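Participant:
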Amino acid sequence: MKRITITLIILVLSAPLAFAQPDIVKIGGAGLLSDLTVPLSEEYVAGGSSCKFAMVPSTTGGGFKKWIANEVQLVQATRKITDREMKQATDNGLVPSFKFIGVVPVAVICKADNPVENLTIEQLRRIFTGEITLWSEVGGPDQKILVTTREVPKTGTGVVFQREVLRGAPYASGHKVMSSYGTTVKVCGKSWAIGYIPTSTAYFKHFEKEGIKILGIKKTDDGPPMKPTYGAAKQTDYPVKTMFFYYWNAKSDDKCLAGFADFADKTVK
-2 MKRITITLII
8 LVLSAPLAFA
18 QPDIVKIGGA
28 GLLSDLTVPL
38 SEEYVAGGSS
48 CKFAMVPSTT
58 GGGFKKWIAN
68 EVQLVQATRK
78 ITDREMKQAT
88 DNGLVPSFKF
98 IGVVPVAVIC
108 KADNPVENLT
118 IEQLRRIFTG
128 EITLWSEVGG
138 PDQKILVTTR
148 EVPKTGTGVV
158 FQREVLRGAP
168 YASGHKVMSS
178 YGTTVKVCGK
188 SWAIGYIPTS
198 TAYFKHFEKE
208 GIKILGIKKT
218 DDGPPMKPTY
228 GAAKQTDYPV
238 KTMFFYYWNA
248 KSDDKCLAGF
258 ADFADKTVK
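So the sequence shown is numbered by the working numbering: it starts at -2 and just counts up by one.
(1) Considering only the alpha carbon of each residue, which of 184, 91 and 188 lies closest to residue 248?
(2) Reducing DSSP to helix, strand and coil, say where residue 160 ends up.
(3) Could you compute how far the alpha carbon of residue 209 sits from the alpha carbon of residue 196?
(4) How big is the Cα-Cα spacing for residue 125 and residue 161?
(5) According to DSSP, is residue 264 part of a helix, a strand, or is it coil?
(6) Near residue 234, what residues of its chain come up, given a Cβ to Cβ distance below 8 Å and the 5 sequence neighbours on each side ignored?
(7) Helix, strand or coil for residue 206, going by three-state DSSP, please let me know.
(8) Please go through the same chain and pick out, in chain order, the residues whose beta-carbon is closer than 8 Å to the beta-carbon of residue 259, but skip the five residues on each side of it.
(9) Between the beta-carbon of residue 153 and the beta-carbon of residue 75, is there less than 8 Å?
(10) Out of 179, 180, 113 and 145, which has the shortest C-alpha to C-alpha gap to residue 167?
(11) Per DSSP, which residues does residue 245 bridge with? Please list them.
(12) Classify residue 43: buried if its beta carbon has 16 or more other beta carbons within 10 angstroms, exposed otherwise.
(13) Take residue 181 and list the residues in its own chain whose beta-carbon comes closer than 7 Å to its own, dropping the five residues that flank it on each side.
(14) By a C-beta neighbour count over all protein chains shown, 10 Å radius and 16 as the cutoff for buried, is residue 228 buried or exposed?
(15) Confirm the yes/no value for this check: CB of residue 153, any heavy atom of the ligand MG, distance under 7 Å.
(16) Just to confirm, are residue 240 and residue 135 a CB contact at a threshold of 8 Å?
(17) Tell me which residues share the same chain as residue 122 and place their Cβ nearer than 6 Å to its Cβ, disregarding the 5 neighbours each side in the sequence.
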């Protein structure tokens, strides 16, 4: 997996006049991908492009909403566009075009002093669906497991985790929906909770300082535990991962859109 060194410089333009400039490509969508998009855009510009980019991060669903409303030109997404979003886009005169950039591993986390070190995919499924409710059932203390998730379908990672790990089943009754990955980290660091964060977030790089630890994930009971690495790649053997797409309007004559997407596609290995 190729790692991308990140310099966190997310340019968020708040001045209305700045947003009005047609030569600035506004990128919306999943904030968790911003730490990957920013250095890619910086590298693209450093290579001779005259394009200018401004980040307007939120969630994948929020990005598609802004894109459909012509408030951003490029969406960084952790899932494919839904049928409903597609209809809204085409009704608004957009012709969606996309590029698959890579995958981003999703780390499963808990508090640092939890004695549990590894879980199987099946154990994860049973925990997040509510079949397993106590840490003692997976080798931990006799403490109730607080299941934390992200909103579905607003967040692509929540969608992917539910589809790939829970096999489409609903999340556990009583699960807590976190407003951000920062909230996920805080709750998991201070309680007997379990949650997930994409490795593209800054929290993953400094998880030890946040009072959390990354759990090893095993595909099978007798398989080796695997832990995720930082960044994006075209493929990874790690079993829990989310997608990384760029979406834009194919009818646009702005060469920065497809040009930047093609560059990112070739850069992420």
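Ideal Cβ positions, reconstructed from N, Cα and C, are used throughout, including at glycine. None of the values given here were measured: they were computed from a predicted structure.
Facilitator: Taking the definition as stated:
(1) 91
(2) helix
(3) 14 Å
(4) 12 Å
(5) helix
(6) 223
(7) helix
(8) 96
(9) yes
(10) Nearest of 179, 180, 113 and 145 to residue 167, Cα basis: 145.
(11) 71 and 94
(12) exposed
(13) 145, 175, 192 and 194
(14) buried
(15) Only the bare structure without any ligand can be found here, which leaves the ligand MG out of the picture.
(16) no
(17) 162 and 163
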